[in-house]
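FYI, UniProt numbering numbers position 179 of the sequence shown as 179, with every residue one higher than the one before it. Beta carbons: idealized from backbone N, C-alpha and C, even for Gly. Note that this is a predicted model, so its numbers are computed, not measured.
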Amino acid sequence: MRPGLSVTQIVGASLVANQFASALSPRTEIGDSYDFVIVGGGQAGLVLGARLSEDKNHTVLVLESGGDGDEFRKRIDTPAYSYFDSLWTTPLNWDFYTVAQPNANNREIDWPRGKVLGGSSAINGLYMTRPGEDEINAWKDMLGDMDGADNWSWESFYASLKKSETFTPPTDGVVDEARITWDASNHGTNGPIHTTYPDYTFPEVGDWLTSLETLGIEISDDMYGGETWGADVSTSCINPSNWTRSYSRSGYLDPLPERDNYDVLANAHVTRLLFEDSTSSDKKTASAVEYTTDKGSTKLKVKVNKEVILASGTIGSPAVLLYSGVGPKDVLSEAGVDLVSELPGVGQHLQDHFSATVKWSANVDTAGSIFYDGGKDKNDPKFLTYIDSAIAYVNSTAIYGSQVAKYQSKLLDSIDQYAPNTTYDDGVIAGYKAICNTTASKIFNTPTGQVELLFMNSDANGDIGITAAIQHPFSHGRIYINSSNPMDYPVIDPNYLANPADAELLLEGIKLARKIGETKPMSKSLTNETSPGLTVQSDEEWVEWLRKSAGTEFHPSSSCAMLPEKQGGVVDANLLVYGLTNVRVADASIIPISLSTHLMSSTYGVAEQASDIIRAYHNLPAEPVPAFSGSGSSNSTPSSSAVATKKSGSANSNGGAAVGTALSLAWTSVVLVSVHAIVGYGVFV
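As structure tokens, then:
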């Protein structure tokens, strides 16, 4: 049954919460120094801030380049608005673009990322899928006997994934219509991020699963237990208590009690890390973080007592290192940045899911037609909970049948031929080969999905689409800089389709997408293929269309890869940057292998795991301050417009425990009117 609070409960909780609110004293200044300075208040950064500030003897600061997003809060909170009132056109989007892609019709492809409290978790499509056990263990195996490697085994990582989650089963009507299955034992029960299913669906979601079954792709109820193959309806980051988006801010920041050791500063763009003067060749130590609050006109700095933790995402984290003088010597020299520590792998090994969509006109109501044509359910609150979430992960056997070994051999042969050119560092080239060989040898021939398929019915003209996206690309790119001005955007070059193996795999995926649309019962709702259209038939025509039409699935990773340094690695298994004593990276950029999943859950897992590693290293106290009350998290809209908060610590140190788990949502809604002053940095669909 759907959980919720009665009016009596909400009012009662509000009265109790007001007693706490009157004692709080938010201020707008921050301190001169902190034990931990976290660069980026997005998805990973707010996890780290919440967890590290649980330790009363540590001070924590989060610096966020974006604003708080409160003026767009309704659009953030409403699940359906991720399609119908997209935040991509607002200042909450970094609005990145790639350089022209020579193997994709020389197009510059947009890469939207969240520039707001909660980062991309505030503006994405809410999918909460998980990676596979085979992939995570392959990552761990690449680390060899490195200290801390066991932190990245499936068993350990799975625990972190579940730690972040509170799962609620779907409502009865949705279960029946969409044919949803699930295994509650695979999910978390007391984490900050709420996951469930929309309270509104379409018969075509159930038809999707039936058509895939007809094609031999079975329905899975173990997608969240490490077996990422088969057809499913994904969970989404939705809080069923109020049917709003559950994201990094609403889960890991808004519900927190006052803490005098934790500050978050908005609109503070980090320009570089400052290092202690040293005449030796020993590892460098970060002494301060430089930032600006006025677009670079004034440079400020905050001292670092223990560590800097980069959580700025796959684009932002390598950029901060590069502008700080840490990275490939040739890149820094050409950009005019003084070399502090040579680390050739910074920005390298960039991977992304490349995708394309076949579309049909439809003879049924779709989410798009209801919203844009004023359908009868347009103003139904349940309708505004709907987001596309029907998926399938298709493995190599389903794609190639008896030819799997033949294609695997082609993959292995392509690795040497399409490795980065000889101007790249030998270690980076070795890392490319290690990643691709691991992918081809340990992942491709397992049941793990190689192509993701997505059912999409939110198109503005009422079309229904089926998307295909490759999950383990053999074309790797890089993030680099071409300027010494930290206010300039880094250069993004994903190098799409540089290895022809990717085009061949995406070709098979997109042909399968069309086949699903032509298979009953799905085909009964589709009337005419509108893109690319039935004139595209031959493999050559398909590939030509893909080069013109395919784009990002919004899942970039691996630009600060966790690998041995001799393979172009940037961080070790404890997330420490090679050559630096006290700088770590903890976000999607450290994952060395592109994972067969949307990246949101994995990013929460990385941040939770990172928090445990850091706290263990610094000898966490025996009795940390509790971070959360039960599973409650709120998406209420605070009214304060302050830029930063210096916590007074006068509130109940047990947070919402005095109100009770069942009332934590209402407690948060009131308390944040006083304590809000905060924000996030730049992850998608």
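So for residue i, helix, strand or coil by DSSP?
i, result
"Thr661", "Residue placement at Thr661 is poorly supported in this model, since its pLDDT is 30, which falls under 50; the coordinates still yield a value, given next. Here Thr661 sits in helix by DSSP."
"Asp150", "helix"
"Thr448", "coil"
"Trp360", "strand"
"Arg107", "strand"
"Ser538", "coil"
"Glu64", "coil"
"Ile10", "Residue confidence for Ile10 is low, a pLDDT of 30 falling below 50, so the modelled location carries little weight; the figure read from the coordinates is stated next. Residue state, collapsed to three classes: helix."
"Asn186", "helix"
"Asn93", "strand"
"Pro3", "Only weak support is given to the placement of Pro3: the predicted model assigns it a pLDDT of 33, under 50, and the value that follows is read from those uncertain coordinates. Coil at Pro3, not helix or strand."
"Gly49", "helix"
"Met487", "coil"
"Gly375", "coil"
"Val326", "strand"
Which value, in whole angstroms, describes the spacing of the CA atoms of residue i and residue j?
i, j, result
"Ile466", "Asp260", "50 angstroms"
"Thr527", "Leu512", "18 angstroms"
"Met487", "Asp55", "34 angstroms"
"Arg615", "Leu126", "29 angstroms"
"Leu256", "Thr235", "25 angstroms"
"Ser484", "Gly336", "5 angstroms"
"Thr244", "Leu273", "37 angstroms"
"Gly509", "Glu565", "35 angstroms"
"Asp539", "Arg547", "12 angstroms"
"Leu343", "Val326", "6 angstroms"
"Ala286", "Leu339", "14 angstroms"
"Ala390", "Thr166", "21 angstroms"
"Arg172", "Ser120", "Here residue 172 is Asp; the residue named in the question, Arg, does not match the sequence. Going by the C-alpha atoms only, they are around 31 angstroms apart."
"Ile38", "His269", "12 angstroms"
"His476", "Gly375", "44 angstroms"
"Val289", "Glu334", "24 angstroms"
"Phe96", "Tyr480", "13 angstroms"
"Thr189", "Arg113", "29 angstroms"
"Ser33", "Val308", "12 angstroms"
"Val264", "Tyr407", "50 angstroms"
"Ala398", "Gly216", "8 angstroms"
"Phe474", "Val451", "13 angstroms"
"Ala550", "Arg478", "19 angstroms"
"residue 696", "Asp277", "Coverage of the chain is limited to positions 1 through 685, which leaves residue 696 absent and any answer about it impossible."
Count the other CB atoms within 10 Å of the CB of residue i; is the residue buried (16 or more) or exposed (fewer)?
i, result
"Met128", "buried"
"Thr8", "Because Thr8 carries a pLDDT of 29, less than 50, the predicted location of this residue cannot be relied on, and the following value inherits that uncertainty. Exposed: under 16 other Cβ atoms inside 10 Å."
"Glu71", "exposed"
"Gly296", "exposed"
"Gly69", "buried"
"Asn461", "exposed"
"Thr448", "buried"
"Pro102", "exposed"
"Leu321", "buried"
What are the start and end residues of the beta strand (DSSP E) that includes residue i?
i, result
"Gly465", "Ile464 to Ile470"
"Ala392", "Ala390 to Asn395"
"Leu310", "Leu300 to Leu310"
"Val174", "From DSSP, Val174 is part of no beta strand (DSSP E) but of the alpha helix (DSSP H) over Asp172 to Ala178."
"Glu165", "Glu165 to Phe167"
"Asn528", "Leu526 to Ser531"
"Val491", "Val491 to Asp493"
"Tyr224", "Segment: none, Tyr224 is in no beta strand (DSSP E) and carries neither H nor E."
"residue 688", "Lying before the first or after the last residue shown, residue 688 is absent from the chain, which here runs from 1 to 685."
Residue i lies in the alpha helix (DSSP H); which residues open and close that run?
i, result
"Met600", "Met600 to Tyr617"
"Arg249", "Ser248 to Tyr252"
"Ile370", "Ala367 to Tyr372"
"Asp134", "Glu133 to Met142"
"Asp35", "Here Asp35 belongs to no alpha helix (DSSP H); instead the beta strand (DSSP E) covers Ser33 to Val39."
"Thr271", "Looking at the DSSP string, Thr271 is not in any alpha helix (DSSP H); the run it does join, the beta strand (DSSP E), is His269 to Phe275."
"Trp208", "Pro203 to Thr214"
"Gly69", "Taken as a continuous stretch (DSSP letters only), Gly69 belongs to no alpha helix (DSSP H), as it is neither H nor E."
"Gly345", "Looking at the DSSP string, Gly345 is not in any alpha helix (DSSP H), and its letter there is neither H nor E."
"Glu334", "Lys329 to Ala335"
"Val404", "Val404 to Gln417"
"Pro318", "Gly313 to Tyr323"
Per the DSSP calculation, residue i is bridged to which residue(s)?
i, result
"Trp243", "Answer is none; Trp243 lacks a bridge partner."
"Thr196", "Ser236"
"Lys284", "Leu580"
"Tyr262", "Val60"
"Leu350", "Gly477"
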